[in-house]
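Going by this note's numbering, the residue at position 88 of the sequence shown is 91; the numbering climbs one at a time, nothing skipped. Here a beta-carbon is modelled for each residue, glycine too, at the ideal position from N, C-alpha and C. Just below is one structure, and these are the notes that go with it.
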Amino acid sequence: MGMVALAESGLLKLFQVCGMVVFVHAIEAYFLNPQIYSSKLKLHPLLVLIALYAVEHLVGVQALFLAVPITVFVIKVVLGETETRERQEPLQEPASTK
């Protein structure tokens, strides 16, 4: 896209195209993906961002594909949390005998 913008409209259009690509990527990577992951996997969006950041710095870019599934596995299976608090049924009081 950048080469076409440069060839057709000049240097200013090239910078505008590059800026738009960076803007769209930032919105998608830092807003939409955490929201989608959090709604489908019942994780907080900040936890998704922290997991992606930590895995990228500890293991590398190639491990980013597995960062969120491994985080869900650790939270649900290893730590033993099987349900979120919103989905747990409230305790029902026993019926009183009169």
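request  = Quick one: grab the DSSP three-state call for His28.
outcome  = In the structure shown, His28 sits in a helix (DSSP, three-state: H, G or I).
key: The alpha helix (DSSP H) enclosing Ala70, as first and last residue numbers   = Segment 70-76, the alpha helix (DSSP H) holding Ala70.
ask   = Given a threshold of 16 other Cβ atoms within 10 Å of its Cβ, counted over all protein chains shown, does Ala54 qualify as buried or as exposed?
value = Ala54 sits buried, since 16 or more C-beta atoms from the chains shown fall within 10 Å of its C-beta.
task = Output the distance between the C-alpha atoms of Gly22 and Phe34, rounded to the nearest integer angstrom.
result = For Gly22 and Phe34, the gap between their C-alpha atoms comes out near 17 Å.
query = Between the beta-carbon of Val51 and the beta-carbon of Pro37, is there less than 7 Å?
reply = In this structure, Pro37 lies closer than 7 Å to Val51 by Cβ.
message = Let me confirm a value: Ala57 is counted as buried when at least 16 other C-beta atoms fall within 10 Å, else exposed. Which label applies?
response = Using a 10 angstroms sphere on the CB of Ala57, the tally of other CB atoms stays under 16, which defines it as exposed.
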